[in-house]
Amino acid sequence: MNSQPGLIRILTVDDHPLLRSGIATLVNAEADMKLVAEATNGQEAIERYRSHRPDVTLMDLQMPEMDGADAIREIKSEFHDARIIVLTTYRGDAQILRALKAGARGYLLKGHVHRELLEAIRAVHAGQKRIPADIAAELAQHATDDALSPREIDVLRLIAVGNSNKLIANHLSIGEATVKSHVANILSKLGANDRAHAVAMGLKRGMIQL
Numbered sequence: 001m002n003s004q005p006g007l008i009r010i011l012t013v014d015d016h017p018l019l020r021s022g023i024a025t026l027v028n029a030e031a032d033m034k035l036v037a038e039a040t041n042g043q044e045a046i047e048r049y050r051s052h053r054p055d056v057t058l059m060d061l062q063m064p065e066m067d068g069a070d071a072i073r074e075i076k077s078e079f080h081d082a083r084i085i086v087l088t089t090y091r092g093d094a095q096i097l098r099a100l101k102a103g104a105r106g107y108l109l110k111g112h113v114h115r116e117l118l119e120a121i122r123a124v125h126a127g128q129k130r131i132p133a134d135i136a137a138e139l140a141q142h143a144t145d146d147a148l149s150p151r152e153i154d155v156l157r158l159i160a161v162g163n164s165n166k167l168i169a170n171h172l173s174i175g176e177a178t179v180k181s182h183v184a185n186i187l188s189k190l191g192a193n194d195r196a197h198a199v200a201m202g203l204k205r206g207m208i209q210l
């Protein structure tokens with residue numbers, strides 16, 4: 001699909017026009033890169049990928065309709081050699097791990113775009129992985145932690161919006177004693193002092209979003 005040999009063709013996926021515009025300016029100023037398409041959500045990203053077959057895709061995580069991790073998984077299932085870099089404001093280890101498991105080959109924080117993006121694009125295009133040291137440290141810090149189960153994440157999400165154990169039990173169609181057991185497990189796994197602390201840690205690590 002690349003009509004100009006040596007040119008890195010790029011798709012950018014983000015629901016913020018200003019960020020897409022900034023990336024376009026950065027990328028198009030480089031002799032070896034060209035922005036070939038843009039998308040505003042995960043579903044569009046899949047469609048644009050199919051149409052343009054970019055060499056490198058820059059993918060936001062939090063977007064309407066379909067988030068970035070799901071879009072990465074879909075694209076990778078169809079195009080195994082897709083090279084995707086996550087660009088996000090989220091540095092929580094759960095978010096990072098989800099994106100990497102989905103198939104991302106790079107992970108950059110939006111605040112570092114001007115400093116690191118062009119180098120990351122070239123590295124990932126060359127077949128390397130690019131995860132900055134501070135992101136790798138965030139992953140390593142929690143590498144041996146017990147992961148929350150999907151049900152525990154459901155409970156934590158419901159705690160975060162102010163539900164009592166009784167309301168959580170009704171919402172999930174489980175017993176109140178089971179909810180108490182889940183809450184105890186959540187506090188233990190996160191090393192949290194109380195429910196509010198557990199919610200704060202869940203948000204920081206990207207396990208839940210409000």
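Residue numbering for the sequence shown follows UniProt numbering, starting at 1 and increasing by one per position.
Don't be surprised by glycine CBs; every beta carbon is placed ideally from N, CA and C.
Cα-Cα separation, residue i to residue j
| i | j | result |
| --- | --- | --- |
| Ala83 | Asp14 | One point to set straight first is that residue 83 is Arg, not Ala, in the sequence displayed. So the alpha carbons of these two residues sit roughly 17 Å apart. |
| Ser149 | Met33 | 42 Å |
| Val155 | Ile168 | 7 Å |
| Ile174 | Leu108 | 40 Å |
| Ile75 | Arg50 | 8 Å |
| Leu97 | Asp146 | 14 Å |
| Gln141 | Arg130 | 18 Å |
| Glu78 | His182 | 37 Å |
| Asn185 | Gly202 | 13 Å |
| Ala200 | Glu47 | 36 Å |
| Asn170 | Ala24 | 49 Å |
| Leu100 | Gly68 | 11 Å |
| Ala198 | Ala31 | 48 Å |
Enclosing alpha helix (DSSP H) for residue i [first to last residue]
| i | result |
| --- | --- |
| Tyr49 | Gly42 to His52 |
| Glu176 | Glu176 to Leu190 |
| Arg20 | Pro17 to Asn28 |
Span of the beta strand (DSSP E) around residue i
| i | result |
| --- | --- |
| Glu65 | Counting along the chain, Glu65 falls outside any beta strand (DSSP E), and DSSP gives it neither H nor E. |
| Met33 | Met33 to Ala39 |
| Met59 | Val56 to Met59 |
| Arg195 | Segment Arg195 to Lys204 is the alpha helix (DSSP H) holding Arg195; no beta strand (DSSP E) there. |
| Leu11 | Ile8 to Val13 |
C-beta contact flag for residue i and residue j at 7 Å
| i | j | result |
| --- | --- | --- |
| Leu61 | Thr40 | no |
| Leu11 | Pro54 | yes |
| Leu139 | Asp93 | yes |
| Ala37 | His52 | yes |
| Ile72 | Ala102 | yes |
| Leu58 | Ile85 | yes |
| Val56 | Val124 | yes |
Integer-rounded CB distance, given that residue j should sit under 8 Å from residue i
| i | j | result |
| --- | --- | --- |
| Glu65 | Gln95 | With a Cβ gap of about 18 Å, Glu65 and Gln95 do not count as contacting. |
| Ile208 | Ile135 | Their Cβ separation, rounded to whole angstroms, is 20 Å, which puts Ile208 and Ile135 out of contact at 8 Å. |
| Lys189 | Asn165 | Between Asn165 and Lys189 the Cβ distance is about 18 Å, and since that is not below 8 Å, they are no contact. |
| Lys110 | Leu19 | 7 Å |
| Leu210 | Ala160 | 6 Å |
| Tyr90 | Gly206 | 5 Å |
is_contact[residue i, chain B] using C-beta, thresh 7 Å
| i | result |
| --- | --- |
| Gln209 | Protein chain content of the structure displayed is limited to a single chain, and chain B is not contained in it. |
What runs of the alpha helix (DSSP H), each 4 residues or longer, lie entirely inside the region 113-165? 113-125, 133-141 and 150-160
Can you check the region 73-109 for any alpha helix (DSSP H) of at least 4 residues that lies completely inside it and give the ranges in chain order? 93-102
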